[in-house]
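Q:
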Amino acid sequence: MSSTDAAPSETEAAEAAADAEAEALLARARGVLGEALVGSHIAAGELWLRVDRESWADLAGWLRDGEGFTFFSFLSAIDWMASPFGRDMDSTVDNVLDPPEPKEAAPTETGVAGGDTRFQLLARVSDVATGRSVIAKADLPTEDLRAASWVPVYPGADWHEREAWEMFGIAFDGHPGLRHIYLPGEFEGHPLRKDYPLLARRVKPWPGIVDVELMPEVTDDSAGAPAAAEGGGQ
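Counting in my numbering, the sequence shown runs from 141 upward without gaps.
1) What's the gap between the Cα of TYR336 and the Cα of TYR322?
2) Okay, do the region 175-195 and the region 212-225 touch, 3+ Cβ pairs below 8 Å being the bar?
3) Can you tell which of ASP256, GLU249 and ALA197 has the C-alpha that lies nearest to the C-alpha of PRO99?
4) Please name the residue in ALA278, GLU306, ALA153 and VAL293 whose C-alpha comes closest to that of GLY185.
5) Taking the CB atoms as reference points, tell me whether MET307 and LEU332 lie closer together than 7 Å.
6) Could you check the C-alpha separation between VAL274 and VAL265 for me, to the nearest Å?
7) Drop a sphere of 10 angstroms on the beta-carbon of GLY348, count the other beta-carbons inside from all chains shown, and report buried for 16 or more, exposed for fewer.
8) Applying the 10 Å Cβ sphere with the 16-neighbour rule, what's the burial state of ALA287?
9) Pull the bridge partners of ILE182 from the DSSP assignment, please.
10) Whether or not the region 252-260 and the region 165-172 are in contact is what I'm after, with contact meaning three or more pairs of Cβ atoms, one per stretch, closer than 8 Å; do they touch?
11) Which value, in whole angstroms, describes the spacing of the CA atoms of ALA160 and PRO224?
12) Quick check on MET229: does DSSP put it in helix, strand or coil?
13) If contacts are defined as beta-carbon pairs under 8 Å, then ILE310 and LEU262 qualify, I think. What distance do you get, rounded to the angstrom?
14) Considering ALA276, what are the terminal residues of the beta strand (DSSP E) in which it resides?
15) Along the chain, where does the beta strand (DSSP E) containing PHE259 start, and where does it finish?
16) Counting only the same chain and skipping the five closest in sequence on each side, list residues whose C-beta sits under 6 Å from that of ALA278.
17) Classify LEU165 as helix, strand or coil using the three-state DSSP reduction.
18) What is the DSSP secondary structure of ARG170, reduced to helix, strand or coil?
19) Using the C-alpha atoms, what's the distance from ASP313 back to ALA297?
In structure tokens, the structure reads:
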């Protein structure tokens, strides 16, 4: 029997079964969400579902109550905008040591399952009994960074949404209390947005980058001076 006719390994069989289950889950998602499901992707048995913002909470409820994804892993956001600062974020010291070369900005890519806006929500839930997991995405319009809270469905989303509100400026309707976790109450701005300048980087390099001073040149006379002095003291 040739290698092409060999039976698939246990790993290959398991991956094929996981992909088949993800395909079946995707078909059920299409049936439940309809046109609200605007993008999907399957990789290594894991399903990505991108829905419109208005169906963000509906997706959470269906995943938990309809499909048994009871374990909440994380919720966050991403800003797909290319940094407008370029190497400026490397600090003045870095730019002196390694002057940047001008180049065209790379086209914006929004990862698997696509995307049409600068900001996206991301969340991951799992079914601990079967090992299945789903990653959810939703586009957020820049002029209205807002979505329904997942806290009524997944209480563990509480602090995750507070962090997304604090770092990206995303409001979550129905959240029990959006307030700062890391930053002082009077802090202005959202540090994880690509257009937020980290001013400290302009005057101080990252830890581990240090100014290197050359050793003073050593001449023959100066090299021999200590020896002469030592000999004179004997």
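Ideal placement from N, C-alpha and C gives every residue a C-beta, glycine not left out.
None of these values were measured; they are calculated from a predicted model.
A: Reading from the atomic positions:
1) 16 Å
2) no
3) The structure shown does not extend to residue 99, since the chain spans only 141 to 374, so no value can be given for it.
4) ALA153
5) yes
6) 6 Å
7) At GLY348, the pLDDT of 49 sits below 50, so the modelled position is not reliable; the number obtained from the coordinates is stated separately. With fewer than 16 other Cβ atoms within 10 Å, it is exposed.
8) buried
9) LEU187
10) The answer is no - the region 252-260 does not touch the region 165-172, with fewer than three Cβ pairs under 8 Å.
11) ALA160 and PRO224 have their C-alpha atoms some 42 Å from each other.
12) Any reading at MET229 must be qualified, since the residue scores a pLDDT of 49, below 50, and its modelled position is unreliable; the value itself is stated next. Residue state, collapsed to three classes: helix.
13) So it is not a contact: roughly 11 Å between Cβ atoms.
14) 272-280
15) 259-267
16) VAL191, ARG193, TRP196 and LEU261
17) helix
18) helix
19) 13 Å
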